[in-house]
Each structure stands twice: as C-alpha cells, then as structure tokens.
Amino acid sequence: MLNLGIIGCGSVMQGPYMELVNKLAFNNIINLKSISDKNIKLEKILKKKFKFDNFFNNYEKILTDEDIDVVLILTSMNEHASITKEALKNNKHVLVEKPMSTNMKDLKELFLLAKKSKTYLVAAPFVILSPTFQAIHHDINKNKIGNISLARARYGWSGPDWGKWYYETGGGPLFDLGVYNITTLTGLLGPVKNIIAKSSTSKPIRIINGKKIKVKTDDNFQILLEFQNKCLAVVTTGFTMQQYSSPAIELYGSKGTIQMLGDDWEPKGYEIWDNTKSSWEVFNTPYANWPWAAGFTHLIQCIINKKKPVVNLDHAYHVNEIMIKIYESSRKKKHITINSSFKPLKFEKNIKIKKSHLDHDMNHDVI
Ligand SMILES: NC(=O)c1ccc[n+]([C@@H]2O[C@H](COP(=O)([O-])OP(=O)(O)OC[C@H]3O[C@@H](n4cnc5c(N)ncnc54)[C@H](O)[C@@H]3O)[C@@H](O)[C@H]2O)c1
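So for the sequence shown, this note's numbering puts the first residue at 659; every next one is plus one.
What follows is the structure, given as structure tokens:
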C-alpha cells in the first residue's frame, strides 16, 4: 500500500481529488496518511469529512516523513514550484496542480530536478488522458481530416468568488483555464514555435469571499499560437465569459473538420466533417463522467506497475513556457519565440473506436 500526503486542502482537494483518494483507499491501494493546510481551521472540518492520520500546519512534516511515497500539491499557484522542488528532493512521487510554475527561473530549476529524479512528477492538467482526447488524437494520426492548418480553442467563465490569489500576480485565467486549451492543442498538433498575445484586466474590482478586492492580474486573453508544423491556432480564455455553447476545440484540416464538444477538461465527445461523406459524424462519449483529476489514478497505476506516466514532463514544460511567455508577449506587444519542444505523444495501441460512439480501453479506470 502506498502512503499519501496532500498539501493544500481547499476546493479541489475536498471535491474531485478526495473522490478518487477515497476509491483507492477503499480498495487498499493507498493510505491517506497526512494532510497539510496553512489554514488551521480546516483540520476540524476535514476530520468530519475524511479519514486521515495527521493534519499539519507546516507541509514540511509531510515531505520529511520517510513513510510517505506520494504527495499531491493542491495549493494556490504561486506555491507550486517551491513545494514541488522540495518534494522531489525528498524522493516523493508528486502530482502538482497547474501551473507547475508562474516564472521561468523556477520552471527551469524544477524541470532539471524532475529529470534527474528517480520518482515521478505529473503536472496537471490531465486532458490528454480523456477518452475523447485520445480518440481525436487517433483520428488525426490516421489522417482523417488531412493536414491541419487552423485551430481554435476556448475555455472561460465569470471567475471564482473564492481564493483571492486567483486575482493576484501569478493567478489569473491563463494559468487556471487557458492551460487546458494549450495542453489539448499542443497534445494534438505538437510543439509551438512562437506566440503573440493580447491581454487585459476587464474587471478591476471583484467580490471574493464577500470582500471587495483589487484585481492585480489580467483576466481576459486572446492568444495566437504558431506551431512548428505551421498550423495557426487561437486560444480565447478569461474570467470574462458568462456562458457559451460552442465546441471547446475546432481543428480545420485539408479533408475535413474535427470539433471537440463540451469543454476539453470535461469533453462530451466530438464530431467529424468528412468532405468525402459530406456530413457530420457525431461520437458521443460514454465516458461523460471522466474525472479531470484522473492524473492522480494514472500516477498511482504507474508507480505500482513501474511504468512511465503518459503525462510527460517535456510536454508540461512546453505548455508552462508558452503561458509565461504569453504574459511577456502581451506586455512587450511582440512575437515571442518558444525555446522548448517535445516528442509526439504516444498512447496504448489498442484504441478501438466503434462507429456510433467511442469505446476503448482506457488507462484512467480506477484500479
Ligand atoms: N477550483 C477549481 O475548480 C480547480 C479546478 C482544477 C484545478 N484547480 C487548481 O487547484 C489548485 C487549488 O485550487 P482551489 O480552487 O482548491 O484553491 P483553494 O484556494 O480553494 O485552496 C488552496 C488551499 O491551499 C492552501 N495553501 C496555500 N498555500 C499553502 C501552503 N504553503 N501550505 C499548505 N497549504 C497551503 C490554502 O490555505 C487553501 O486552503 C490551483 O492550482 C487551481 O488552479 C482548481
């Protein structure tokens, strides 16, 4: 059995992550040994909801505990890089929520450390593990829509009314939401060679946890990505979108079009336009409840089976570099080159797609 520690016990810990933790604990695969939050009031609340041995105000007690094998880092964004570095130095397997880092210096240090480490680091988001993503990836590789020249992606909402840090430097919708779109597009189309972006603060005052706050980050983004394969894509993201009913991802090829339905963190399936058929073919996913925190289950499976995670570090670094440089591009009003790259993603071979819907063996199933 693997011993688990969790750092940061707010909204995502108490919701999607604990749902998966409880399933794995019920099956005696993991034991939730210790949790940590700097808000000590949470100890009492969480004791009533979940089973764990220790609550610490100071997360270092988790990292220096030799019995703990795996650590989930679910804090606010600016804390991710330093805690992840410490966790790796203490030989823990780590899952870190997005983004790994909000600046290039920490990102590079973290990346080098993780590359040398014998333990695994998986960085959210985990969109590439979704059955819908993998089916689209498969179709693109089978050349179903030909060469893809244009793409569009969007994800936004009106923004959280909790967590002041979402509106401070190092927060914002790009690291929180746009990250899903950039991970999906690069996962499907490969590495980006340069970017240009425009961002703004559209709502300078917000009410968070019932209190008025000054917004210190941009909350509204239009981003243009040029891929190494010459495809051009736009990403629209913001805490400035009340609702929409458009597809999350649109891919325009020389022979047809693919549209991912729903949001890419919670896809509802996809549709393909094929010029030779002159019609749309719709693939509704039977995995509508696919959990976006699936990277956790994936990490545990990889540790147990001694297999390298599919969610790879080079891809995560590339996405993180793009996001940091989007801020730079908007500030300097110019194109910025992306220096990193990654190899095409590879998935298990036996993906079967039935005509009427998606149906394939996926690695996200709870063990
Ligand atoms: N809320 C969502 O819908 C959502 C979805 C996907 C991913 N995420 C990501 O998950 C992470 C957490 O988001 P959230 O909405 O749960 O935030 P939250 O503000 O609800 O919770 C974060 C918790 O981390 C704690 N924390 C901060 N610094 C700490 C430290 N040094 N030591 C211990 N605890 C510390 C805070 O006290 C807080 O309880 C973020 O990276 C966010 O981008 C959030």
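In this text, a Cβ means the ideal position worked out from N, Cα and C, and glycines have one as well.
Taking Y824 as the centre and dropping the five residues before and after it, the same chain places the C-beta of P818 closer than 6 Å to its C-beta, in chain order.
Bounds of the alpha helix (DSSP H) holding P789 are P789 to N799. Using a Cβ distance threshold of 9 Å, T790 and W950 do not count as a contacting pair. The Cβ-Cβ distance between D972 and Y838 does not fall below 9 Å. Where E677 is concerned, the enclosing alpha helix (DSSP H) starts and stops at M676 to F684.
Under DSSP, E908 takes part in a beta bridge, and its partners are R810 and Q917. In the three-state DSSP reduction, W823 falls in the helix class (H, G or I). Assigned with DSSP and collapsed to three states, L832 falls in helix. In the DSSP assignment, P925 is bridged to G920. A Cβ-Cβ separation of about 25 Å leaves D711 out of contact with S740 under the 8 Å criterion. Distance between Y813 and H956, taken at the CA atoms: about 24 Å.
For the 9 Å CB-CB criterion, V752 and V728 form a contact. Beta-carbon to beta-carbon, I996 and I982 are separated by about 10 Å, too far to satisfy the 8 Å threshold. Shown here for T934: same chain residues with a beta carbon closer than 8 Å to its own, the five before and five after excluded, namely K913 in chain order. The closest heavy atom of ligand 1 lies 8 Å or more from the beta carbon of K705. Take the alpha-carbon of K874 and the one of F684: they are about 43 Å apart. Between the stretch 756 to 770 and the stretch 791 to 807 there are fewer than three C-beta pairs closer than 8 Å, too few to call the two in contact. CA-to-CA, the gap between V670 and L732 works out to about 7 Å.
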